[in-house]
Every structure is written in structure tokens, then in C-alpha cells.
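Taken in order, these protein sequences are the chains called A, B, C and D. Sequential numbering of the first sequence, starting at 1, is according to this note's numbering. Sequential numbering of the second sequence, starting at 1001, is according to this note's numbering. Sequential numbering of the third sequence, starting at 2001, is according to this note's numbering. Sequential numbering of the fourth sequence, starting at 3001, is according to this note's numbering. Yeah, the Cβ is synthetic: ideal placement off N, Cα and C, and Gly gets one too. Source: prediction; values computed, not measured.
4 protein chains.
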Amino acid sequence: MSSENRVRLRALGISVGHYDTGALNAITDVAGVAVGHVTCVEGERTRTGATAILPHGGNVFQDKVPAALAVFNGFGKFAGSTQIVELGEIETPVLLTNTLGVGRAIEAINRHTLAQTGNERVVSLNAVVGETNDSRLNDIRAGRPTVDEMSQALAAAKTGAVEEGAVGAGTGTVAFGLKGGIGTSSRVVSVAGVPYSVGVLVQSNYGGKLTVAGKPYEAEGAHDKDGSIVMIVATDAPLCSRNLKRLAERCFGGLARTGAALSNGSGDYALAFSTAEDVRRTTERRKAVAAYPVLSNDVVSPLFEAVIEASEEAIINSMTMATTTHGYNAGTDKPSTINAISLDALKRR
Amino acid sequence: MSSENRVRLRALGISVGHYDTGALNAITDVAGVAVGHVTCVEGERTRTGATAILPHGGNVFQDKVPAALAVFNGFGKFAGSTQIVELGEIETPVLLTNTLGVGRAIEAINRHTLAQTGNERVVSLNAVVGETNDSRLNDIRAGRPTVDEMSQALAAAKTGAVEEGAVGAGTGTVAFGLKGGIGTSSRVVSVAGVPYSVGVLVQSNYGGKLTVAGKPYEAEGAHDKDGSIVMIVATDAPLCSRNLKRLAERCFGGLARTGAALSNGSGDYALAFSTAEDVRRTTERRKAVAAYPVLSNDVVSPLFEAVIEASEEAIINSMTMATTTHGYNAGTDKPSTINAISLDALKRR
Amino acid sequence: MSSENRVRLRALGISVGHYDTGALNAITDVAGVAVGHVTCVEGERTRTGATAILPHGGNVFQDKVPAALAVFNGFGKFAGSTQIVELGEIETPVLLTNTLGVGRAIEAINRHTLAQTGNERVVSLNAVVGETNDSRLNDIRAGRPTVDEMSQALAAAKTGAVEEGAVGAGTGTVAFGLKGGIGTSSRVVSVAGVPYSVGVLVQSNYGGKLTVAGKPYEAEGAHDKDGSIVMIVATDAPLCSRNLKRLAERCFGGLARTGAALSNGSGDYALAFSTAEDVRRTTERRKAVAAYPVLSNDVVSPLFEAVIEASEEAIINSMTMATTTHGYNAGTDKPSTINAISLDALKRR
Amino acid sequence: MSSENRVRLRALGISVGHYDTGALNAITDVAGVAVGHVTCVEGERTRTGATAILPHGGNVFQDKVPAALAVFNGFGKFAGSTQIVELGEIETPVLLTNTLGVGRAIEAINRHTLAQTGNERVVSLNAVVGETNDSRLNDIRAGRPTVDEMSQALAAAKTGAVEEGAVGAGTGTVAFGLKGGIGTSSRVVSVAGVPYSVGVLVQSNYGGKLTVAGKPYEAEGAHDKDGSIVMIVATDAPLCSRNLKRLAERCFGGLARTGAALSNGSGDYALAFSTAEDVRRTTERRKAVAAYPVLSNDVVSPLFEAVIEASEEAIINSMTMATTTHGYNAGTDKPSTINAISLDALKRR
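Structure follows, in C-alpha cells:
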């Protein structure tokens, strides 16, 4: 793997949108959200990993958070979807990994949750797993990350700055024929006089005609069109699951603006959850009637725009932070190299 | 039209389910709900009408109610569906009428709403209209009810007992080859120690092998399989739109128990709304954040069962209250007669 | 209304995407598709109209076409949605008009279809109507277009070049705070060696930060964010309704690239249909089993990209062809003027 | 486990519906469909298993079958849902197992499929797994079936008669407070003069007020209301994925007729696929355009009724064939016994 000096988009003097970012310009600007990676790089063939996102630091199964899933193109293996839709909540951390690792990721989330204090008698839980296909750099058929490695991503989760690029679930992903990976961004918006944070984290692995902040990126030749993306949205705004679904859908606005081909082979998913204490579905509140403060339909539009902006920027960050990667193409059984996007080319625009 | 003495199912000594009914055993047991009919019977060919359901006595556009729509088989022309899904609310009364009258019903709801005090500058509203096809008894192509007649149904809406059978939107409908129509029923259930009312009103116009409270009704020969049903659920339980959707879906449990064939030609729709003051989306609450008390997922199941029971009973009431009707079959251009279900046969079971 | 000389985007030397356009760069490049407008401009207050799209020149009720609807944000009154989803087809022409005209448009489609030769005994039909809200220029509460005017749009439908801008259903619409309207564009793409046409027609009435072919349009000050868009996609590619839905969804890719805010108040709908003779659901084919040639999932991606490109260009055409319009704001009860986009500013970029 | 003599519903002289059954009255009446079980009964605590359903005897990944999923209540962990919806097909066998075994079942399907001849370069596949919660008899937290045990179910799949009751994925399930399990039934219906087979297999684990062929089953006291059901529909009728979805939805008609409470905690899923050679999506057909013969909307209703009947009967078969089971309640950490339904009580009705 190359040792070039990678930076985030804003360090190149390029910005997206007009809302302010949070302090870290990361999903972790939403208080309590933690992110963990496990990166599996071994020999010539293993270039994969997993990334965990925890909505809060407590027991998520006991204190569930309202959530929603939006599927733009469902050629993917996202786990947990139907229960999220039915109940409007998630009750576990989220794991991102590769396409053939979903079963092992579910197993890791189950083990993690069953082992938590207070969950000794839990017999049902809905593990949430997103994936994209890293087989252009990784021997995806070989069973990595293992269940134990998946667990390491969960264990590694922490608040604060998020490692981006060819790391965790982004270790082997490819975007626009260039190296993709994990990227994040955030916005702070005022709704009815109150500031709220919105953060997005993406695992980019798709294609099209790359457009960076409105300008085509023309430096490379053949651009790849296939692949997928998973986008996770966190917000501290008090929202019901119906409006969280609408938030999640706005990720596709950011996706489209990067020049995505939105092709048949894409698995394009966005999950949104609220971390607001007041809408958390605690054991106590779930006993009968509870009052949840929620933002009205009439005032959510600024949050929608924030999601569009943060999604677009998170995607580009996943590329500017990713490094050229040598690995193995499991579809063709050949060595492969995927170049990082040229920061020089971006600066020259 | 025959002058036989029609009664509701319970008057025949037959009951459905195990929960108590409300005082009227009608959708109007949910406080504030009003129902109005216009019945159009003229000459040999006009056997149609419209039925209005008002969620509360105020200005529904200003004080919207949370609502949801469930579509079991979408071969129908239900108006207003996508906005109900997106915003989780209704902002107008509901009109039921015949298949080719939906446009005129929208027009009537628009006129009604635009004319209300406080709505002088309203420029967008989502009229909600359900329909089934009464062309086996009615010259449906002839443009009745007119817009003015639709308006009469809205104007006639009142709380209290609901007229059932071959009336309003049920004037020309057919169920199981027998006369269908408007029927209603209600249940009172206790959730976490608090009693809530659930009421259902149906426009029955479908078929299959009729089963009344578990027993096949074998009195008639050829049973018709086609047609549709629209079911409206009202409750005073404080529910979010997501759980109202689940309530609406349970109508199909009641429908199935009557022996419905659930055929290709069915337009099977259920709309549910909550009348609870505390979840009403008033002008004031829609300005920013508002706290809404809602029942938790964990405790809603008794309401689900209440809907199954009330739906089944409302359907049978629509038949036992309906009278044999002579009219015109617009599909065959011939006179037609649809017999009422035999109360004697039901009593003898 | 101003008499400035308006042109389409390509006449300004600006193009979108990389696929070729059809001969007319219009939805009517898809053989058989016809478009008709009625434009209602009267006095100071009436600035509205309707636009009809006919999928083929025959009896659409008898020879239905496979179709699908995609809803991005459902704050709208689109009529016919649930039956399109259930049956995967449309059986009437499509009318676009204003928000409060949907009922009258349904009535006009019903009259049109019932009156066609061969439909003498038709008793059920699913009128398809899209709308956006032209109340910023039009006295939308005043009941125009009338049912008869709606019928005129249907009667006016013809193949060949399509009139764009402030015409038909676009007479009073507003996009990005500038004059929107009707726009169209098309692409020709080769799939497995066979060329197919894809055409898009839009009624633009939404907002955000306008981006034209990747560049922000900065000429005006306060940009409006609210509003809606309806997009109609026609193709001669043989597609099943499932893949037509995916085609329809790609319209939102084009929409996002124009800088759409995708706000709460948007009613963003896309309808797609195939005109291919071989997938038409004729009376004969509907009798039992029929063989339909359809493109495989694996090869549809070029059509998806074509839709993204044509949608984006159709939107911009709706603006470059629209003229500055003086009218009446029904929400504020005041005169209003909406300026056309400056072609000079676009040329100078 | 008891050794009582268990029989299918028809052996008790009770039948459901009016269509003929297939030769075996099983899902395997649909030619080519194979079913395999692994049953894990060990010590006092392990009462679980898995059941595999293979749509045909070839390489399902290469020769995919059109399929659709219907979700009535999505409180479940069904895997593979979004890709089934998007592409209208399945490309792997289906595994049913317990709630916490979904990850291991995915892993087993992946291993199975990757190892098949012709799949050496496959890097993406969509494993389909259904589940219900057998924790009232099984130590569900203990990780059984293992991945290897899941694989045994796949390896055991065979055509011919299907073992029912407390076997495979039904080993530890509970229905109406009585022992549930695996059940199956089939129907043969004529559509436009051609006979088609429809088979249903269920994993029953839900509750309500049990109704057997229209009559309440009153023999037991406290009836349990919670739980889930997964229903698999196979047919040799040539259907597109859209009509397969409608077929799947009709399972809920059969479910409702058994007295299901349709409670909050249910995970109620139905998957339908067509085994017709002519609609199979072979490698060859997926290259470009292929012609698929499909039944028209207008003629599918008899298949809908067949599904209602076969679903109801499959559920009751799952109970009449199940044996009283002693095990372990993982939610309460106590031994538990679930009685089989009394065949004597059924005969006496």
C-alpha cells in the first residue's frame, strides 16, 4: 500500500454546500456516536475489514433508537431491513463489511449483544449489517473478516475523530475505478432556532462519471460504473422513524451529485437514526404510553439539505483519504491495483 | 327496493370475537367521528351514493390527524395515498363513492375544505377518496353522484348511530353475490390499563366463499368472487402513523375470515387514523418541536385484535343490514337484481 | 408575458451527459408518444393549464402498456398510483395539471376513455394524473382548468416536436425561484447491440441551489426551495414493470444534479412506461399466457444512465424555454412576477 | 418427546377449501422442488434445526428463478429481502431456522453456493433465510444449528414426501400455545385450461385463537398470541415476480383463517417462486432480451385461492403432525413442555 500523504477534501480548498460542518466534520460530531474499524490486510489476497457504528454508549438493545432504512437500488444483502421498517428502530450496533461477510457480521453482533449486561435473557435481536463488494481487491470467497474479527470492530468503537480511506469496511472497496473506502462528514443546522448535528459515514464502492463539488474529475481514463454504497446518517435532532426515512433518502441526493451511474448492480442503502435522548425507546418508555418530542414535517427541510451535503462530502473524503491499494481480484483470479484519486489533479481544477 | 326488516349481526344472536363493542357498535363510538351519506336512487339505473367520514368536528386541514393507509390489493383508485404515506396524516374528510366518481369526490372535498373558515389562503390539500365498483347495480358511467351530491354527503355528516346497508357509498355494492353496502362495528380494549375505542366502517363489494363468524353461508348458489372493499379505522388511542399502518393492515385479517377470495380484481384498502387530541397535528404543534404521547410497539397488539374483530363484524353488518336491490348492470347493459342475505338462513345455522 | 427569445439548453452550447439525443431531443422521439397542451391564461389571475401524454395512438384501455411509478417525496396528489403498482400498467393517457385540478383531470380522462370506440361497456378505469402547485402565479382556488379544458389537452395530443416552457401544465410553475414549466429531452442508447430511445418530459416547480450542467447558476438572489416535480419517462425498450420502476427512479438522479433541495414540501414523482409493441398488454394477450420479450436486469444500466441525463436536461430545458410571467400569488393574494432564467448569464458561464 | 401417532389433517376427515391437492399434498408436488431437514435435539436444552427448500435440482445461482417476498408484519430477521424485491428473483436455496441462527444460515448457503461447479468465480450472492423464534423450547442463545448443521439441511434436500411436525426448523416452534412445526400442502388448479401446481411449506410459531377449518379449537385453555410464521410458496405456473408477490401475499389469507392474532411480535413472511422452466433466468437468457411466457393479471385469481387454501392446510398439518415436546425456555431459563394438539379433540368436533 502506498504511503502518499492523504488529506480530506476541505484540506484541498474544496468545499461542498453551504451549511457549517461540525467540529470534526464527522459522524462522531453527533454526540455519543462511536466508530470502530477492523482492517484485514494479509499476504497478496486479503484486503477487507469491517466498520462498526454505535448509536450510543449504552445498551442499545435495552435503549433502542428510532431509525429508518432507505433503499435506492436493492442489489445488496443489507441485514435487518424488514424489522427496521416495521418497528422504526434499531436495537444493535451497525456493522459494515463485505458482501460475503454478512452472515459472520450478524453472528458477531448477536454475540456482542447477548453478552452485554442486562441482556442475559434476550432471545431475539435484529442485527443490522450493510455491505459492499470488495472482490476487486480482496479474496472475498476466503471468509474474512472472521466472526472474531467482526467482533474486534465492535470492540474498537470510540467517539472522536474517524479514520477514513482504505480502512475497516473500506479496505478493499473501489469508487469510480479509483480507491474508495470509508468517509465521513457532518453539518450543523438550525431548525426553529435550535442547532442540530447531522453526520454521515459512507462505505464507497460504486461508479459513474466522478464529479467533485460540481466539476468532472477527468484525470483518469476508463471509469468503472458498477458497485454499491452504504450510507449511515446520525442526528441528534428528535425525529420519528418516518422522518428519519426521509433523511436517509436524501443521501441519494448527495450520491447523485458525485456522478453516480446508479447502475443495476448497485446496492445503495442509507440508514438513519436519531441519538436524541428524548426519543430513545428505553425499557421504561416501552411499557405503555410515552411522550416523544419530534420535529414537525414543516421544519425538517434544513436537515434534508444537510444530509445531501454531508453525504456528498463524505463520499469524496472516502476517496481523498484512500491510498493506492494492491490486492487480488477474486472475480478474475488475478492480482489487481486500484489507484487513489490524484490530489494534485483535484488541486489543479 | 324490498322493505324486509333488516337487523345487525348481533340481533341474530351471532357475535364475532371476544372484546366488548362500544355503545353503538359503530365507528362513531370513537368520540368526534362523524359519518354522512348521500344516496342516489333514481329510475331504473341510478343506484349509487357517497359516504363521508370526518375524523373530528373541527377544521381538519388546520388540525391534521395522524393516519396511514394499507393496500392489500391495489386494483383500485384510492385518492390521496402517496401523501398519506409520506406525511403520516390526513388533512381532509374521507369520502367513499363509486369507481368512476373519484374525480368528483376530490372536487367536492376541495370545495368543502377551501370554503372553511381559516382556509382562505389554502392552496394545496390532499383529498382522500376510496371507492368500489357498483356497476352491477348502477349505471356507473352516468356521472352520479355529482360533485354537489358528494358535497351533500359531507354536509350530512353527524356523530351518533350510523345508517348501514344499501345506503351512501354502499347503495349499489355487491358482496359474495349478495347485497353488500356500508357496515360498521367497534371494540373497546384496555391497553396498559387504559380503555381505548376502535371503530371500523366498511364499503363491502367483494366476493369469495362467505363465512359468517366461522361458519360457511351455504344458502345461495353461485358466489361471486370479484370486487373490492374499503375499510376505515378510527381510534382514540394515541398512535403514530407507523402503528396506524399496522392497525390498518389488520383489517385484512377480518376480511380474510369472511372467506374473501382476495382476487386479482380486488381493490382492498384500509385507512386508519387517530382522533386522540394529544397526537393531533395542530397549527401550533406544527411550528417546531412538539411532544406526542404514543403507545409503544410492545403494547399495541390488543388494538390489532380489536381491528380484526371489528372489521369482520362490520362486513357482516353491511350485509345483514342491506336490502335486496333492483337496478342496472352497466357492464352487461341489462337490468339486475341482487338479493339480500337471508336472515332466516343465518338464524337457522 | 414577455416576448423574449427563448431557446433550449443545447442552443446555448451547453450539453448534459454523453449519450446521443433522439432526433427531436424530446419524449416524442419514442415512436407513438403524443403530447398535448391546454394553456389557460386569462386576466390577471389565471396562469395554469394541463399537459397530456399518450403512450400510443390506439385505445390505451384495451391495449395497456407496462408502467411503473417511483415516488421520491410523496407530498403530492398523484392519481392512479396504487393500481399502477399492483398491476404494473397504465390504461389511460396521463394528464399533468395543478394541485387542485386533479379531480377534474380524472373526470376528463374518464370521459375521454369511456367515449372511445370499443369502451362502451367499460365500468372501471384508472386515470393517471400528476400535478404540481402553480399557486405562486395562478389563482389555483378558482377551478381552472375546467374538465372541458382538461379534455382539450387530451384532444390536442400529437406526435412530433413538443412545446416547452410556460405552457400547458407548466404555465404557472416556478423552479428555483425562476420560471419553470414543461421541458423534455431524450437519449438513444444501445443495449446488447440494439438501439433504444428514452424520452423524459417534466413539469418543473421545485427549488434548491440551481446547478446547470455541473455549474452553479448564481445570477439571481433569493432562491426558492419548495415545490414539486413530475417526470414522465417513455421508452421503446421492452421492459417489465419492475425494471420500469427502476428507470423511473433514475429520474431522481437527474433531479439531484440540478441542485434540488428535496425539501419536505416536494411532491417528486416519476412515471415510466414502455411503448414496445411486444410488451403491450393487448386484449388478446391478456386472455391467458403470453410471451413478453424483456431486457434482462444485467443489461439495463445504459438505460438508467440515459434517464439520468435526459431528466437533467429536460428540467433545464423547461427553464430556458420558459418566459417571465406575471400573475397572481394565491397564497399571498397579491400580484406576482416570476422571471425567466437569464440566457445571457448561462452563456457567460 | 412423545411417541403418539400423528397424522395429517385430511386423515382426520377434515379438509380445507375446494381445490384438489397434488399427489403428495406437499410443496414437492411442484416438480423439482426439494426439501431437507436437519433436526438438532440434544440433552435438555437443544430443540432446534433447519429446513432447506431448493427451487430446482440445478445450479440456482446460474439459473435463477423469479421470486417475490411479502411481509405482513416485519418483526423478523428474514435475510435477502431487498435484493429479492429489486431483482425479482432468488439465486440460492432457502433456509429456515431459528432467529439467532440467521447469520450461520447465510454462511452455510454461501459455502454451498460458492462450492458448486460453475460458481468458481462467483463473488456476490444473495442468501435467503427465514426464521422464527424457538426459544420457548430451545436454548436459542447457544449457537445451534451450527454452520455445518445448516449445511446438512441443504445436503439432505430431496424431492418426494416431506417430513412434517417437530422436525428441521420446526423442532422447537410453538403455535397457539401448542406444538407447531413444519407443515405443507398443495393444490392443483386449472388456469385457462392448463393445470398448475401450487405448494406451500410453513414454519409455524405464532398464536391467536386457533380455528381449524372454520371451527374454533377449544380444547386447551390459555392460548398464546405471540410468535411468527414463514411461508414458502412454490408453483410451476409461469409468473413474473410482480404476480409472485401477489401469490405470496395470499398466504396471509390462509394465516388469518387459522385465527392468527397478527400481533406486534410476529414476523410474518411469505416467499413465492416459480419453477417453470420457461421463466427461469438462465445464464443465456440473462445476456440480453429473452421472451418469458407469463400468466396475465386477468387469470391469476384461481392461483390466489389455491395459496389461501394450501397455506391454511399447511399450518394445520404442521400442528397435527407435531409431537409434544419437552425442552428449555431460554427466555425464562426453565424447563418447558409444549403439548401437541389433541387429534381426538379435532376428530370429536
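Can you list, in chain order, the residues of the region 1297 to 1321 of chain B whose Cβ is nearer than 8 Å to any Cβ on chain A?
N1297, D1298 and V1299
Compare the C-alpha of P3216/D against each of M1231/B, T1028/B and R1257/B and name the closest.
Of the candidates M1231/B, T1028/B and R1257/B, the residue whose Cα lies closest to the Cα of P3216/D is R1257/B.
According to DSSP, what are the bridge partners of R2047/C? V2041/C
What's the C-alpha gap between T113/A and T3082/D?
24 Å
Sorted by chain position, which residues of the same chain lie with C-beta nearer than 7 Å to L343/A's C-beta, five sequence neighbours on each side aside?
V7, L12 and T320
- Cutoff 9 Å: T2132/C Cβ touching any chain A Cβ: no
Fill in: Cross-chain neighbours of K1287/B in chain A, by beta carbon under 9 Å
A192, S296, D298 and V299
Query raised in the report: Taking any Cβ of chain C, which residues in the region 1065 to 1088 of chain B have a Cβ under 9 Å from it, in chain order?
Result: Answer in chain order: L1069, V1071, N1073, G1074, F1075, G1076, K1077, F1078, A1079, G1080, S1081, T1082, Q1083, I1084, V1085, E1086 and L1087.
Practice item. Identify which residue in V3122/D, L3239/D, A3127/D and T3132/D has its Cα closest to the Cα of V356/A. Key: With chain A covering 1 to 349 only, the question about residue 356/A has no answer from this structure.
Report task. Pull up the distance between the alpha-carbon of A314/A and that of A192/A, whole angstroms please. Result -> 26 Å
**Rounded straight-line distance, which links the Cα of G1118/B to that of T2332/C** = 14 Å
Q.
When you compare the CB of C240/A with every CB in chain B, is at least one pair closer than 9 Å?
A. yes
>> Please classify L9/A as buried or exposed, where buried requires at least 16 other C-beta atoms within 10 Å of its C-beta.
In response: buried
Does any residue of chain C have a CB that is nearer than 9 Å to the CB of G254/A? yes
Give the straight-line distance between the Cα atoms of E1218/B and R3187/D, rounded to the nearest whole angstrom. 23 Å
Handout entry: Amino acids of chain D, ordered along the chain, whose beta-carbon sits closer than 7 Å to that of Y2292/C
Key = Chain D residues near Y2292/C: A3291, Y3292 and V3294.
Inset, instruction - Kindly indicate which three-state DSSP category K347/A falls into: helix, strand or coil? - result: helix
CB contact flag (N2264/C, R246/A, <9 Å): Taking 9 Å as the Cβ cut-off, N2264/C and R246/A qualify as a contacting pair.
| message | Would you say V2233/C lies against chain B (beta-carbon separation less than 9 Å)? | response | no
Under a Cβ-count criterion, where at least 16 other Cβ atoms within 10 Å of its own Cβ denotes burial, should P2093/C be classed as buried or exposed?
Buried, because 16 or more other Cβ atoms sit within 10 Å of the Cβ of P2093/C.
Check: Secondary structure at Q2203/C, three-state DSSP: helix, strand or coil?
Finding: strand
Are the CB atoms of L1303/B and L1239/B within a distance shorter than 9 Å?
Judged by their CB atoms, L1239/B and L1303/B are nearer to each other than the 9 Å cut-off.
Discussion item. So the candidates are V300/A, D268/A and R281/A; which of them puts its Cα closest to the Cα of A291/A?
Written reply: R281/A
- Item | Interface flag, L154/A vs chain D, CB-CB below 9 Å | no
Margin query: Under 8 Å: do the region 2013 to 2022 of chain C and the region 2171 to 2182 of chain C share three or more Cβ pairs, one atom per stretch?
Written below: no
Using the three-state DSSP reduction, which class does Q62/A fall into: helix, strand or coil? coil
message = According to DSSP, simplified to helix, strand and coil, what is F3075/D?
response = F3075/D falls in the coil class under three-state DSSP.
- Decide if V194/A is buried, meaning its Cβ has at least 16 other Cβ atoms within 10 Å, or exposed. exposed
Does the distance from the CB of N1297/B to the CB of S1135/B come in under 9 Å? no
Rounded to the nearest angstrom, how far is the Cβ of A3050/D from that of T3097/D, given a contact under 8 Å?
4 Å
Straight-line CA distance for A1031/B to T1275/B?
8 Å
Practice task
Pick helix, strand or coil for G3180/D, following the three-state DSSP scheme.
Solution key: In this structure, G3180/D counts as coil in the three-state DSSP scheme.
Checklist line | Span of the beta strand (DSSP E) around I3229/D | finding: Note, I3229/D: beta strand (DSSP E), S3228 to T3235.
If we ignore side chains and look at the alpha-carbon of each, how far apart do S2336/C and T2173/C end up? 12 Å
Residue nearest to G327/A in terms of C-alpha spacing, selected from A34/A, H37/A, G43/A and K64/A
G43/A
Leaving out five residues before and five after V3167/D in sequence, what residues of the same chain have Cβ atoms less than 6 Å from its Cβ?
-> H3037, T3039 and I3182
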